[in-house]
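Remarks on the structure that follows.
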Amino acid sequence: MGLSVTHLLVVLAIVVVVFGTKRLRNIGADLGGAIKGFRTAMKEGGEDKAAEDKGEAIEGEVTSKKNDKD
1 MGLSVTHLLV
11 VLAIVVVVFG
21 TKRLRNIGAD
31 LGGAIKGFRT
41 AMKEGGEDKA
51 AEDKGEAIEG
61 EVTSKKNDKD
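Counting from 1, position 2 in the sequence shown corresponds to residue 2 in the UniProt record's numbering; the numbering is continuous, with no gaps.
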């Protein structure tokens, strides 16, 4: 009932025909860049949390949203 190797190869062939190898390469590069950016942000987030624990100031912007009801 599961997917066999033959089924996976047919699906891969259809994906290559539909999207083309160049677009798949671009999608892979974009996905890799997104994962790398996510990991970097997670590391920076951990450093910011450590700064909060030490009582240090964290650079940022404070915004407020006011609801005016007339």
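Even glycine gets a Cβ: it sits at the ideal position worked out from N, Cα and C.
Computed from a prediction, not measured in an experiment: that's the story for all the values here.
Asked, Found
"Would you kindly work out how many angstroms separate the C-alpha atoms of Glu61 and Thr40, rounded to a whole number?", "21 Å"
"Below 8 Å between beta carbons: does that hold for Leu24 and Val11?", "no"
"Distance check for Met42 and Gly32, CA to CA, integer angstroms please.", "15 Å"
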